[in-house]
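Each remark here refers to the structure printed beneath this line.
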Amino acid sequence: MFQSKTAMKVISLLMATILWGYVIWETNPVIKPTIGNVPVQMLNTDSMEEKGLIILNPQDYTVDVKVQGKKKDAGNIKAGDIRVTADLEGCGEGEAVLELNVRTPENVSAVEVIPNKIVLNIDRITESEKEVRVIPDSPLPADAEIGSVTAEAEKVTVKGASTLVASVAYVSASIPTASMIDGESTQTASLIPVDAQGVQVAGVNVIPKNTEVSTTVYYTKTVPLIVETSGEPAEGKTASISVRENVTVRGRRNTIRNLSEIKGSVDISGMSESGSVAVRLELPGGVSLARGETDIEASIVINDEEPQHQDTDEQQTE
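So the sequence shown is numbered by our numbering: it starts at 4 and just counts up by one.
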């Protein structure tokens, strides 16, 4: 008896569900679903380019479209089934407010579009030459320094919206430090437009996009400086010399690896007054002063020679 009542309830519920579905299907009510992220297609972009105009900070615009239709027509509609367009014909430089045109499938209508307009900033296309700066992506080792950096293209053309082009301070040619070998090397670097803070400026084109960069890398070493004095000061004068103890030089790694000292010489011939004299360095082939080193000078102090006095006892004896 209990099982019979339970079975009847189940059958009744099933029949009610079937009947409700049949009624809904037959009556096919009107529904108003909202379809999100419908893409907006821009029309007549070619006419903008012909007039030398460009959209400032372009993006992929989307809208939400509320549609209306019978359930069997509007119930399964997707964003790709709706076409939303904005016409750029007649737009000029400055702010442009574009009305949206919506086309929906048959038997479905658009009730509301959010937003219902698109606001664009239209700028004039311009181009300008900008300086190329080669920038290693990381510091060199402490015992190395860049001897020279040369980009094949000293300046390149930056083209795009005038507002964006004006914000480009220079074009960066970034090169990986790891690829800068001991001595001379050449590599291809991508050219990136950046502002005064070094942040990339998007939306502009660089012509050309790449350049060849040649670099020379030296290794440095600090070694003792051995200075010899030649010549004699003026008659009746004595001289004392003081000079720095070390000097930092640079060269190819194999060239300076076994370098233990640098010799130099100072000529004090005929000096009668104190002063500085340039030290003539004897630098081996392929070795030069490191960056930051200036011409080395020795400080010469000239004094009067003390007179020689004979011993009094010796004079009396004579």
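For each residue, glycine too, the CB sits at the ideal point set by N, CA and C.
CB contact flag (residue i, residue j, <8 Å)
i: glutamate 115; j: lysine 75; result: no
i: asparagine 31; j: lysine 73; result: yes
i: glutamate 98; j: asparagine 124; result: yes
i: valine 159; j: isoleucine 195; result: no
i: valine 269; j: threonine 232; result: yes
i: methionine 45; j: cysteine 94; result: no
i: threonine 251; j: threonine 223; result: yes
i: isoleucine 244; j: glutamate 276; result: no
i: alanine 169; j: isoleucine 138; result: no
i: glycine 150; j: tyrosine 221; result: yes
i: isoleucine 121; j: valine 197; result: no
i: glycine 181; j: valine 246; result: A small fix is needed here, since residue 181 is alanine in this sequence, not glycine. For alanine 181 and valine 246, no; Cβs fall outside 8 Å.
i: glycine 278; j: isoleucine 303; result: yes
i: alanine 230; j: valine 282; result: Checking the sequence shown, residue 230 turns out to be valine, not alanine. For valine 230 and valine 282, yes; Cβs fall inside 8 Å.
i: arginine 341; j: aspartate 185; result: The chain is shown from 4 up to 321; residue 341 falls before or after that span and cannot be answered.
Member of the options whose CA lies at the smallest distance from the CA of residue i
i: glutamine 203; options: Glu309, Val174, Asp185 and Gly273; result: Val174
i: glycine 78; options: Val111, Ile265, Asn213 and Glu132; result: Val111
i: threonine 65; options: Asn249, Ser182, Ile85 and Thr191; result: Ile85
i: glutamate 130; options: Leu101, Met274 and Val161; result: Val161
i: valine 280; options: Leu262, Ala242 and Arg260; result: Ala242
i: threonine 37; options: Thr20, Ile117, Glu53 and Asp49; result: Ile117
i: alanine 40; options: Val87, Thr166 and Leu262; result: Residue identity differs from the one stated: residue 40 is asparagine in this sequence, not alanine. For asparagine 40, the nearest C-alpha among the options comes from Val87.
i: glutamate 102; options: Asn119, Arg255 and Glu109; result: Asn119
i: alanine 156; options: Gln62, Met18, Met183 and Gln190; result: Gln190
Backbone CA spacing between residue i and residue j [nearest angstrom]
i: isoleucine 57; j: glutamate 148; result: 44 Å
i: alanine 293; j: leucine 228; result: 14 Å
i: serine 188; j: alanine 145; result: 19 Å
i: isoleucine 34; j: threonine 107; result: 15 Å
i: alanine 205; j: threonine 214; result: 19 Å
i: glutamate 264; j: valine 226; result: 5 Å
i: glycine 55; j: leucine 91; result: 13 Å
i: serine 272; j: aspartate 307; result: 15 Å
i: aspartate 67; j: serine 141; result: 47 Å
i: asparagine 104; j: aspartate 126; result: 24 Å
i: alanine 89; j: lysine 133; result: 35 Å
i: leucine 143; j: isoleucine 128; result: 40 Å
i: lysine 212; j: glycine 254; result: 33 Å
i: proline 179; j: glycine 201; result: 17 Å
i: isoleucine 21; j: aspartate 49; result: 56 Å
i: glycine 295; j: leucine 262; result: 20 Å
i: threonine 9; j: serine 15; result: 10 Å
i: glycine 234; j: lysine 240; result: 12 Å
i: valine 154; j: glycine 83; result: The question names valine, yet the displayed sequence has alanine at residue 154. Straight-line Cα distance between these residues: approximately 48 Å.
i: methionine 183; j: valine 152; result: 11 Å
i: glutamine 62; j: alanine 113; result: 24 Å
i: glutamate 248; j: serine 165; result: 58 Å
i: glutamine 71; j: glycine 163; result: 42 Å
i: glutamate 96; j: threonine 297; result: 56 Å
i: asparagine 47; j: glutamate 109; result: 26 Å
i: glutamate 53; j: valine 100; result: 20 Å
i: glutamate 238; j: threonine 258; result: 44 Å
Whole-Å CB distance - residue i paired with residue j, under 8 Å assumed
i: alanine 172; j: alanine 199; result: 4 Å
i: proline 310; j: methionine 274; result: Actually they do not touch by this definition, with Cβ atoms about 20 Å apart.
i: valine 135; j: leucine 167; result: So it is not a contact: roughly 18 Å between Cβ atoms.
i: isoleucine 299; j: leucine 286; result: Not really, about 11 Å apart at Cβ, beyond 8 Å.
Discussion item. Please give me, in chain order, every unbroken run of the beta strand (DSSP E) with length at least 3 that falls completely inside the stretch 78–149.
Written reply: 86–90, 97–102, 104–106, 111–117 and 120–139
Fill in: beta strand (DSSP E) runs wholly inside the stretch 228–294, at least 3 long, in chain order
240–245, 249–254, 265–270, 278–281 and 283–285
Worksheet entry | Entirely enclosed beta strand (DSSP E) segments - the stretch 149–213, minimum 3 residues | 158–164, 173–178, 186–197 and 208–210
Practice prompt. Taking only runs that begin and end inside the stretch 27–56, name each unbroken beta strand (DSSP E) of 3 or more residues, in chain order.
Written response: 37–46
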